[in-house]
Amino acid sequence: MRELKTSTKFRRSIKKVSQYRNFDEPLLGEIIMRLRRNETLDPRFYDHELKGEYAGIRECHVKNDLLLLYQKKDDILVLLLILIDIGTHTSVFGK
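In full-length UniProt numbering, the protein residues as written are 1 to 95.
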């Protein structure tokens with residue numbers, strides 16, 4: 001199982017996201033556990049690698065416009081899952 005790390009940005013963003021009326025904490029928890037166990041996510045989450053300035057980072061759609069940005073690192077001593085950010089497309093990418 002991958003060790004879980006969270007960025008400062010993720011910790012700030014999750015506080016905002018958890019206030020959303022339709023936020024589904026159990027669903028997010030399920031996604032994170034699947035990622036920690038290195039399992040493939042269901043296609044409905046549209047898990048994919050990003051390009052350009054976000055190369056090396058993956059994104060999945062927790063719900064319609066709720067994105068989870070993460071990175072998997074396979075270090076010599078530990079397997080890491082780093083949660084980078086969570087939020088709407090606009091709040092994450094500023095577009």
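No residue lacks a Cβ here, since even glycine has one placed at the ideal position from N, Cα and C. Because the structure is a prediction, the values reported are computed rather than measured.
Excluding five sequence positions before and after Ile31, the CB atoms of its chain that fall closer than 7 Å to its own CB belong to Leu41, Phe45, Cys60, Val62, Leu68, given in chain order. DSSP places Thr90 in the helix class (H, G or I) of the three-state scheme. Within the same chain, Cβ atoms closer than 7 Å to the Cβ of Arg36 are found at Met1, Arg2, Leu4, Leu81, the five residues on either side in sequence being excluded.
Within the same chain, Cβ atoms closer than 6 Å to the Cβ of Thr88 are found at Asp65, the five residues on either side in sequence being excluded. Proximity to Gly52 across Thr8, Phe93, Arg21 peaks at Phe93, based on C-alpha coordinates.
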